[in-house]
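Everything on this sheet refers to the single structure shown next.
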Amino acid sequence: MEATEIKYQKYLAKDYKSENAVRWCPGCGDYAILTCLHKALAELNVDPHNTAVISGIGCSSRLPYYMNTYGFHSIHGRAAAIATGVKVANPALSVWVATGDGDSLAIGGNHFIHAVRRNVDINILLFNNKIYGLTKGQYSPTSSRGFVSKSSPYGTVEDPFHPAELCFGARGTFFARAIDVDMKTQVDVMVEAARHKGTSVVEVLQNCVIFNDGIHNKISDRNWKADNTITLRHGEKMLFGKENDKGLVLEGWNLKAVTIGEEGYTLEDVLVHDATSKDNTLQMKLALMDTTNELPVALGVIRSVEAPTYEKDYEQQIEEVQQKNPKRSFTDFLLSSSNVWEVK
Amino acid sequence: MPTNAVVTDIKQVTIRFSGDSGDGMQLSGTLFSTLSAIFGNEIATFPDFPAEIRAPQGSLHGVSGFQVRIGAKDVYNSGDKTDVLVAMNPAALKVNAPYLKKGSIVLFDTDSFQKKDMDKALFKTQDPFEELNLQDIQPIGVAITSMTKSSLEDSGLENKEMLRCKNMFALGIVCWLFNRPLEIADKLLEQKFAKRPKIVVANIKALTDGYNYGNNIHLTASTYRIEPIEATKGFYTDVNGNTATAYGLIAAAEKAGLQLFLGSYPITPATDILQELAKRKDFGVKALQMEDEIAGITSSIGAAFAGSLAATSTSGPGLALKSEALGLAVMTELPLVVIDVQRSGPSTGMPTKSEQTDLNQALYGRNGESPLVVMAAASPIDCFESAYAASKIALEHMTPVILLTDGYIANGSSAWKIPDMKEYPDINPHFVQTHFNGDAGEWKPFMRDEDTLVRYWGVPGTPSYMHRIGGLEKDLLTGVISSNPENHQRMVNIRKQKIDNIANFIPEQEVLGDPDADTLIVGWGGTHGHLLETMLRLRDNGKKVAYAHFRYISPLPANSHELLKRYKKIIVAEQNNGQFANYLNGQFADLNNICKYNKVEGQPFKVSDMVEAFTQMMEGK
Numbered sequence: 342m343e344a345t346e347i348k349y350q351k352y353l354a355k356d357y358k359s360e361n362a363v364r365w366c367p368g369c370g371d372y373a374i375l376t377c378l379h380k381a382l383a384e385l386n387v388d389p390h391n392t393a394v395i396s397g398i399g400c401s402s403r404l405p406y407y408m409n410t411y412g413f414h415s416i417h418g419r420a421a422a423i424a425t426g427v428k429v430a431n432p433a434l435s436v437w438v439a440t441g442d443g444d445s446l447a448i449g450g451n452h453f454i455h456a457v458r459r460n461v462d463i464n465i466l467l468f469n470n471k472i473y474g475l476t477k478g479q480y481s482p483t484s485s486r487g488f489v490s491k492s493s494p495y496g497t498v499e500d501p502f503h504p505a506e507l508c509f510g511a512r513g514t515f516f517a518r519a520i521d522v523d524m525k526t527q528v529d530v531m532v533e534a535a536r537h538k539g540t541s542v543v544e545v546l547q548n549c550v551i552f553n554d555g556i557h558n559k560i561s562d563r564n565w566k567a568d569n570t571i572t573l574r575h576g577e578k579m580l581f582g583k584e585n586d587k588g589l590v591l592e593g594w595n596l597k598a599v600t601i602g603e604e605g606y607t608l609e610d611v612l613v614h615d616a617t618s619k620d621n622t623l624q625m626k627l628a629l630m631d632t633t634n635e636l637p638v639a640l641g642v643i644r645s646v647e648a649p650t651y652e653k654d655y656e657q658q659i660e661e662v663q664q665k666n667p668k669r670s671f672t673d674f675l676l677s678s679s680n681v682w683e684v685k
Numbered sequence: 017m018p019t020n021a022v023v024t025d026i027k028q029v030t031i032r033f034s035g036d037s038g039d040g041m042q043l044s045g046t047l048f049s050t051l052s053a054i055f056g057n058e059i060a061t062f063p064d065f066p067a068e069i070r071a072p073q074g075s076l077h078g079v080s081g082f083q084v085r086i087g088a089k090d091v092y093n094s095g096d097k098t099d100v101l102v103a104m105n106p107a108a109l110k111v112n113a114p115y116l117k118k119g120s121i122v123l124f125d126t127d128s129f130q131k132k133d134m135d136k137a138l139f140k141t142q143d144p145f146e147e148l149n150l151q152d153i154q155p156i157g158v159a160i161t162s163m164t165k166s167s168l169e170d171s172g173l174e175n176k177e178m179l180r181c182k183n184m185f186a187l188g189i190v191c192w193l194f195n196r197p198l199e200i201a202d203k204l205l206e207q208k209f210a211k212r213p214k215i216v217v218a219n220i221k222a223l224t225d226g227y228n229y230g231n232n233i234h235l236t237a238s239t240y241r242i243e244p245i246e247a248t249k250g251f252y253t254d255v256n257g258n259t260a261t262a263y264g265l266i267a268a269a270e271k272a273g274l275q276l277f278l279g280s281y282p283i284t285p286a287t288d289i290l291q292e293l294a295k296r297k298d299f300g301v302k303a304l305q306m307e308d309e310i311a312g313i314t315s316s317i318g319a320a321f322a323g324s325l326a327a328t329s330t331s332g333p334g335l336a337l338k339s340e341a342l343g344l345a346v347m348t349e350l351p352l353v354v355i356d357v358q359r360s361g362p363s364t365g366m367p368t369k370s371e372q373t374d375l376n377q378a379l380y381g382r383n384g385e386s387p388l389v390v391m392a393a394a395s396p397i398d399c400f401e402s403a404y405a406a407s408k409i410a411l412e413h414m415t416p417v418i419l420l421t422d423g424y425i426a427n428g429s430s431a432w433k434i435p436d437m438k439e440y441p442d443i444n445p446h447f448v449q450t451h452f453n454g455d456a457g458e459w460k461p462f463m464r465d466e467d468t469l470v471r472y473w474g475v476p477g478t479p480s481y482m483h484r485i486g487g488l489e490k491d492l493l494t495g496v497i498s499s500n501p502e503n504h505q506r507m508v509n510i511r512k513q514k515i516d517n518i519a520n521f522i523p524e525q526e527v528l529g530d531p532d533a534d535t536l537i538v539g540w541g542g543t544h545g546h547l548l549e550t551m552l553r554l555r556d557n558g559k560k561v562a563y564a565h566f567r568y569i570s571p572l573p574a575n576s577h578e579l580l581k582r583y584k585k586i587i588v589a590e591q592n593n594g595q596f597a598n599y600l601n602g603q604f605a606d607l608n609n610i611c612k613y614n615k616v617e618g619q620p621f622k623v624s625d626m627v628e629a630f631t632q633m634m635e636g637k
């Protein structure tokens, strides 16, 4: 065989950027997510032509048009199922799903949980602005109870989904969270998501400037962010706060935010994050932390657990069956099947 | 050959095995039809079973039947009425009584015709034959249950397992009646229960004892012989429509050099396609059982985008769920084969019964101007040919193709000459690398072949052809989102013209029968066998009549209009309220001579009914 020259190519963020003009509202959080995806792909150095970005419907789902990769802007809620088909058909591709809280947790809820359950190696970027943007301001499955919107003028009388809880309920192997304004964490978790083998869910808390402006302010505003969020890193102490002097400890079955040096708490008492623990009990508690319970909202990679992926296991089954059966043409297969007789 | 028995030569016979859902009637029927095919007869089968898996024993709604028609030649359908009924209980007799021919043989199990059995079947008296007014038949009572038990008392089987073999005892008697060699049945049983040798031995023993019993006591005055046919030389197997459909897809993928992908969700009566393809990992088939019908088709659309021969299989209500995604496949112009095994509707209707009521849904069941290819398979074997042709059209013309089959042909089987794939046409997927003449730099995702208007297939993983597609209207060249009014009009026209152009790539419509007939019978789909026989019978009665059976519905074959105009009268026969007839009228405004024959019972057409009705139509009554 002729020796083939191995080409090393280093891609830049701009190589993933398409020539299409981006048409989100000025100030939309989606711009930051798009930029972060360009950067993450450059860091991963994956070929644009080996990348497929699949989306459903909604503002978030316009993202594939702005990528210089293969892209598919499909129909409402179905991106996870389409992406499953793409990945199983060609496991060599890097497959991304761009979707919103309405797209994948309402109409696409079924496909979302089943993609997660199957652990297909796709990366789901879940843009969560807790509102329907493209249909102009109705409440979404992540809007809080009592939320007033165009379709809930007197406030909703239903409870929201927490994407993390849904993901864990479907036995998800990877869950991470970031905020649109925090580009560094976003890039980091996208890179981690891509490296994870299996379905990765990355929830990006994203601001809709037109219909739900400031919904994430408590955690995204620079004045409050340090005290109201914690960025989790595997193997590191769960510390947060402007002075990095606060930490998370276990009190009974519950998490508690404490200040080191107060009430007798020392650095020793602060928990160490284990994203790889198969038991998701603590990860679930971390993912559900909320400022209303005086706990910081968790960002970063909350869960990342190795498990078999659907498409690899599927290919392996094919290999095993083919090893037991000699390669043969379709006609030969029919001739060797039962119930064959010859008319001479 | 039994001694001292009169052997009568006959041309065709219809036999129905009938009993409880758990009595193994489908197995007896399948074995009998297979061994008849191997013996050299033509066969057509009709499994007719209830939707319930196991209805209460002996009840009327739990009756499961398997009808097989065998003959020396010209077996086009499973037959209207039966010559021989095997009734394992009174309920089976009651349900099938209306379908008995005069003089037919009714073989029944006397052990299962006791008072409690009569009560379960809601008989008022203890003489079911009298009560059903069955005078002109030959009842043969055999103590099938008790004889099966004594036949197998040394088998080491448990009582329940022994009883399960009574279908083989009954089959043995039928084999004796029709001179079927048991060696073939033995072999088939060995294959069927290969992993359970004890069961093989017991089944063969029950079968043999049933045969010997018939022989020893000369159950009827004569036995019957149907001459084996002189079939075309070659290797044969028997196949049902669903398996043939699955095989057609495998064969097409092999020919196109592509991987076959099926995204599907179980639904009666289409499930066998998913199950057959799930087995075929030896061919690298990827058959995914998805979470719902929508995921079935959308995962396939994803696989089509990624470069597979993608298919999805379903039945009526499932096609309804797939309709939004079908629009996406139309809009993105991706190759996709959608198999709809029609069942009775609307809604969940009668899942195990067959109809032709999804034609309108296939043609029109989408939002927007949404043209695609619609085809219909005519017989179990034609399911193979049609699935192959559908795949070829999808891949070469970049379009979804809906292939309509139905419960009758999907479950029915016939003998099939194993095809030599060398004789089948090549399949050339419309890949951009192989079909686009310009530079990669100039290529845009919605550029098209000038003659056919087919766009090029750029598959993820291929350098230089990165692009974005989607469900939104796009610029006719660049594919960039566009809501420009003139552009939309042009795209609507192009998408329609692309499908219309396919008429140039499909065979012209053929006509059977008299060249100088005034009346043309028109049919489509799984009614072919019944319509063909109807036409032949009308000709036997001295009528001049022709018959056209359509496999291609959208687009219609290029000669369709000219052909239909030739006749004074057109009888369109279909198992719906006139969907194809109305479609033809819509396509060809000058056709004013269409008569409709419609029956929507969930049962196959009856040739005798049609001969009568068509005669009246032809005579203008």
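Sequence order for the protein chains is A and B.
What the first sequence shows, in this note's numbering, is residues 342 to 685, in sequence order.
What the second sequence shows, in this note's numbering, is residues 17 to 637, in sequence order.
Every residue, glycine too, gets a C-beta built ideally from N, C-alpha and C.
*Would you say Val417 of chain B faces chain A, with C-beta separation under 8 Å as the test?*
One-based indexing of the second sequence puts residue 417 of chain B at position 401. By this cut-off, Val417 of chain B is not an interface position.
*Go ahead and pull the three-state DSSP assignment for Gly56 of chain B.*
Against the second sequence, residue 56 of chain B aligns to sequence position 40. Looking at Gly56 of chain B - three-state DSSP - the assignment turns out to be coil, as it is neither helix nor strand.
*Return the Cβ separation of Ala687 of chain A and Asn391 of chain A in integer angstroms, given the expectation that the two are a contact with Cβ distance under 8 Å.*
Given a span of 342 to 685 for chain A in the structure shown, any question on residue 687 of chain A remains unanswerable.
*Can you list, in chain order, the residues of its chain whose CB lies under 7 Å from that of Leu492 of chain B, leaving out five sequence neighbours each side?*
In the second sequence, counting from the first residue as 1, residue 492 of chain B sits at position 476. The answer, listed in chain order, is Phe462, Asn503, Arg506, Met507 and Ile510.
*Neighbour-count burial assignment, His77 of chain B, 16 or more Cβ in a 10 Å radius*: What you label residue 77 of chain B is simply residue 61 of the second sequence in a count that begins at 1. His77 of chain B comes out exposed.
_Cutoff 6 Å; reference Gly257 of chain B; Cβ partners in own chain excluding five residues on either side_ = On the second sequence, position 241 is the one that residue 257 of chain B refers to. Cβ within range, chain order: Pro396, Cys399, Thr421, Ile425 and Ala426.
*Chain-order list of residues whose beta-carbon lies under 7 Å from that of His565 of chain B (same chain, five-residue window excluded)*: Reading the second sequence from its first residue, position 549 is the one you call residue 565 of chain B. Result list for His565 of chain B: Ala394, Gly539, Trp540, His544 and Leu547, in chain order.
*Between the C-alpha atoms of Trp365 of chain A and Phe452 of chain B, what's the straight-line distance to the nearest angstrom?*
The count along the first sequence starts at 1 and reaches residue 365 of chain A at position 24. The count along the second sequence starts at 1 and reaches residue 452 of chain B at position 436. Rounded to the nearest angstrom, the two C-alpha atoms are 34 Å apart.
*Tell me whether Val588 of chain B is buried or exposed, calling it buried when 16 or more other Cβ atoms sit within 10 Å of its Cβ.*
On the second sequence, position 572 is the one that residue 588 of chain B refers to. Buried, by the Cβ-count rule.
_Every unbroken beta strand (DSSP E) within the stretch 547-597 of chain A, with a cutoff of 3 residues, ordered by chain_ = 570-573 and 587-592
*Exposed or buried, which one is Leu205 of chain B when buried takes at least 16 other CB atoms within 10 Å?*
What you label residue 205 of chain B is simply residue 189 of the second sequence in a count that begins at 1. Buried, since its Cβ has 16 or more Cβ neighbours within 10 Å.
*Using the rule of at least 16 other Cβ atoms within 10 Å of the residue's Cβ for burial, across every protein chain shown, is Val22 of chain B buried or exposed?*
To locate residue 22 of chain B, count along the second sequence from 1; it is residue 6. Val22 of chain B is exposed by the Cβ-count criterion.
*Are the stretch 524-535 of chain A and the stretch 454-470 of chain A in contact at 8 Å, needing three or more beta carbon pairs?*
yes
*Is Pro639 of chain B near Leu290 of chain B, with beta carbons less than 8 Å apart?*
Residue 639 of chain B lies beyond the range of chain B shown here (17 to 637); nothing can be said about it.
_Looking at chain B, is there any beta carbon in it that lies within less than 8 Å of the beta carbon of Gln658 of chain A?_
Working through the first sequence from its first residue, we reach residue 658 of chain A at position 317. Taking Cβ atoms only, chain B reaches closer than 8 Å to Gln658 of chain A, which makes this a yes.
*Would you identify the three-state DSSP class for Ala88 of chain B, choosing helix, strand or coil?*
Taking the second sequence and counting its residues from 1, the one referred to as residue 88 of chain B is at position 72. Three-state DSSP puts Ala88 of chain B in coil, outside helix and strand.
*How long is the line joining the alpha carbons of Gly35 of chain B and Val389 of chain B, rounded to whole angstroms?*
In the second sequence, residue 35 of chain B corresponds to position 19, counting from 1. In the second sequence, residue 389 of chain B corresponds to position 373, counting from 1. Cα to Cα, Gly35 of chain B sits roughly 41 Å from Val389 of chain B.
*Alpha carbon to alpha carbon, what distance is there between Ala597 of chain B and Pro106 of chain B?*
Stepping through the second sequence from its first residue, residue 106 of chain B is reached at position 90. Stepping through the second sequence from its first residue, residue 597 of chain B is reached at position 581. When rounded, the distance between both Cα atoms is 42 Å.
_Span separating the alpha-carbon of Gly486 of chain B from that of Thr494 of chain B_ = Your numbering for residue 486 of chain B matches position 470 in the second sequence. Your numbering for residue 494 of chain B matches position 478 in the second sequence. Taking the straight line joining both Cα atoms gives about 13 Å.
*Could you give the residue range of the beta strand (DSSP E) that holds Lys302 of chain B?*
Residue 302 of chain B sits at position 286 when you count from the first residue of the second sequence. Its beta strand (DSSP E) spans residues Lys302 to Gln305.
*Quick one: what does DSSP say Asn461 of chain A is sitting in, helix, strand or coil?*
The residue labelled residue 461 of chain A in the question sits at position 120 within the first sequence. Residue identity check: residue 461 of chain A is Val in the sequence provided, not Asn. Correct three-state label for Val461 of chain A: coil.
*For the beta strand (DSSP E) holding Asn614 of chain B, just list the boundary residues, first then last.*
Position 598 of the second sequence holds residue 614 of chain B. Ile610 to Asn614 is the span of the beta strand (DSSP E), which, as asked, contains Asn614 of chain B.
*Can you list, in chain order, the residues of its chain whose CB lies under 6 Å from that of Lys182 of chain B, leaving out five sequence neighbours each side?*
Counting from one through the second sequence, the residue named residue 182 of chain B turns up at place 166. Cβ within range, chain order: Ile160, Thr161 and Thr164.
*Interface residues of chain B facing His455 of chain A [CB-CB closer than 9 Å]*: Reading the first sequence from its first residue, position 114 is the one you call residue 455 of chain A. Met306, Glu307, Asp308 and Ala311, listed in chain order.
*asked:* Going by beta-carbon coordinates alone, are Glu439 of chain B and Gly264 of chain B separated by less than 8 Å?
replied: Here the question's residue 439 of chain B lines up with position 423 in the second sequence. Here the question's residue 264 of chain B lines up with position 248 in the second sequence. Cβ distance not < 8 Å, so Glu439 of chain B and Gly264 of chain B don't count as in contact.
*Counting pairs of Cβ atoms below 8 Å between the stretch 461-479 of chain B and the stretch 511-518 of chain B, do you hit three or more?*
yes
*With a cut-off of 8 Å on the beta carbons, I'd call Gln525 of chain B and Pro573 of chain B a contact; round off their distance for me.*
Within the second sequence, the letter at position 509 stands for residue 525 of chain B. Within the second sequence, the letter at position 557 stands for residue 573 of chain B. Going by Cβ atoms, the distance from Gln525 of chain B to Pro573 of chain B rounds to 4 Å, so yes, they are a contact pair.
_Taking CB distances under 8 Å as the criterion, tell me whether Ala201 of chain B reaches chain A._
Within the second sequence, residue 201 of chain B is the residue found at index 185, counting from 1. No, its Cβ sits nowhere closer than 8 Å to a Cβ of chain A.
_Please tell me whether Ser678 of chain A has its Cβ less than 8 Å away from any Cβ of chain B._
In the first sequence, the residue the question calls residue 678 of chain A occupies position 337. Answer yes: the Cβ-Cβ gap between Ser678 of chain A and chain B drops below 8 Å somewhere.
*Count the other C-beta atoms from every protein chain shown that fall within 10 angstroms of the C-beta of Lys583 of chain A, then say buried if there are 16 or more, exposed otherwise.*
Your numbering for residue 583 of chain A matches position 242 in the first sequence. Classification for Lys583 of chain A: exposed.
*Between the stretch 472-491 of chain A and chain B, which residues of the former have a C-beta closer than 9 Å to a C-beta of the latter?*
none
*Applying the criterion that 16 or more other CB atoms from any shown protein chain within 10 Å of the CB defines a buried residue, is Gly230 of chain B buried or exposed?*
As a first step, residue 230 of chain B must be located in the second sequence, where it is residue number 214. With 16 or more Cβ atoms within 10 Å of its Cβ, Gly230 of chain B is classed as buried.
_Distance CB(Ala327 of chain B)-CB(Leu375 of chain B) smaller than 8 Å_ = If you number the second sequence from 1, residue 327 of chain B lands on position 311. If you number the second sequence from 1, residue 375 of chain B lands on position 359. Not in contact: Ala327 of chain B and Leu375 of chain B (Cβ atoms no closer than 8 Å).
*Give the residues of chain B in contact with Gly412 of chain A, contact being defined as C-beta atoms less than 7 Å apart.*
Counting from one through the first sequence, the residue named residue 412 of chain A turns up at place 71. The contacting residues are Arg484.
*Could you tell me whether the stretch 75-92 of chain B touches the stretch 36-44 of chain B, using the rule of 3 or more Cβ pairs below 8 Å?*
yes
*Going straight from the alpha carbon of Asn609 of chain B to that of Lys585 of chain B, what length do you get?*
Mapped onto the second sequence, residue 609 of chain B falls at position 593. Mapped onto the second sequence, residue 585 of chain B falls at position 569. Those two C-alpha atoms are separated by around 5 Å.
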